[in-house]
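A.B. asks: Quick note, my numbering runs 1089 ahead of the 1-based positions in the sequence shown.
Quick reminder that beta carbons are idealized off the backbone N, C-alpha and C, glycines included.
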Amino acid sequence: MAGAASAQTSVPFALDWKFEGPSAAYFAAIDNGHFAAEGLDVTIEAGSGSRETIPKIATGAFNIGFGDINSLITFLDANPGAPVTAVMMIYDKPPFAIVGRHSQGVSEPKDLEGRILGAPPPDGAWAQFPAFAAANGLDVDAITVEPVGFPTR
1090 MAGAASAQTS VPFALDWKFE GPSAAYFAAI DNGHFAAEGL DVTIEAGSGS RETIPKIATG
1150 AFNIGFGDIN SLITFLDANP GAPVTAVMMI YDKPPFAIVG RHSQGVSEPK DLEGRILGAP
1210 PPDGAWAQFP AFAAANGLDV DAITVEPVGF PTR
């Protein structure tokens, strides 16, 4: 006869975004019993951007989560001493991109001037645009930015 099941530690896990391919490993670990084998009852909640996920962890609403390192740096700069830290890098080279169409005359960063860009305000990648613009000598006043939802981006 098997012994009594040991108590599981509840671990709420906050994602930076919806349930998509990059989060598959976390769900596979749940489905395959890896977390349970370590005494963890992990529940995963979809997010709406790293800039909203990180405060959830800092306030203790979630024990752990997945978020963009640049958003964490920005958060810690605005909240010195906040009880949140990065312990592992998943994307050491983030897949951020600004996409334009050659047929519309966009083939290099300078071509963004005089154009309209759509970006979701809470997006960690978008938060890096000022550094991108400075590194490429862009006149940000010559670029119109319209807020769009994540699905549109």
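(1) Does F1221 have its Cβ less than 7 Å from a Cβ in chain C?
(2) Can the beta-carbon of G1189 be found less than 7 Å from the beta-carbon of V1195?
(3) With a threshold of 16 other CB atoms inside 10 Å of the CB of I1187, please say whether the residue is buried or exposed.
(4) According to DSSP, I1162 sits in a beta bridge with which residue or residues?
(5) Use the C-beta contact count for T1132: other C-beta atoms within 10 angstroms, 16 or more gives buried, fewer gives exposed.
(6) Ignore the nearest five residues each way along the sequence and tell me which others in L1129's own chain have a CB closer than 7 Å to its CB.
(7) Measuring straight from C-alpha to C-alpha, what distance separates D1157 and Q1193?
(8) Whether or not the segment 1105–1113 and the segment 1131–1150 are in contact is what I'm after, with contact meaning three or more pairs of Cβ atoms, one per stretch, closer than 8 Å; do they touch?
(9) How close, in whole Å, do the beta carbons of T1163 and A1216 come, if the pair is a contact with beta carbons under 8 Å?
(10) Apart from the five residues just before and just after A1171, which ones in its own chain have a Cβ nearer than 8 Å to its Cβ?
C.D. replies: A quick look at the data gives this:
(1) No chain C is part of this structure, which consists of one protein chain only.
(2) Sequence index remark: in the sequence shown, residue 1189 carries index 100 (1-based). Sequence index remark: in the sequence shown, residue 1195 carries index 106 (1-based). Closer than 7 Å, so yes.
(3) In the sequence shown, residue 1187 corresponds to position 98, counting from 1. By the neighbour-count criterion, in which 16 or more other beta carbons inside 10 Å mark a residue as buried, I1187 falls on the exposed side.
(4) Position 73 of the sequence shown, counted from the start, is the residue given in the question as residue 1162. Looking at the DSSP assignment, I1162 forms no beta bridge with any residue, so it has no partner.
(5) By one-based count along the sequence shown, residue 1132 stands at place 43. Counting every other CB atom within 10 Å of its CB across the protein chains shown gives T1132 a total below 16, marking it as exposed.
(6) Counting from 1 along the sequence shown, the entry for residue 1129 is found at position 40. Counting only Cβ-Cβ distances below 7 Å, and skipping sequence neighbours, we find Q1097, T1098 and V1100.
(7) Stepping through the sequence shown from its first residue, residue 1157 is reached at position 68. Stepping through the sequence shown from its first residue, residue 1193 is reached at position 104. Their Cα atoms are separated by approximately 31 Å.
(8) Using a Cβ-Cβ distance cut-off of 8 Å, the segment 1131–1150 and the segment 1105–1113 are in contact, since at least three pairs of beta carbons, one from each stretch, lie closer than that value.
(9) Reading the sequence shown from its first residue, position 74 is the one you call residue 1163. Reading the sequence shown from its first residue, position 127 is the one you call residue 1216. That belief holds up - the Cβ atoms of T1163 and A1216 are roughly 6 Å apart, short of 8 Å.
(10) In the sequence shown, residue 1171 corresponds to position 82, counting from 1. Once the five neighbours on either side are set aside, the close Cβ partners of A1171 are A1147, F1164 and L1165.
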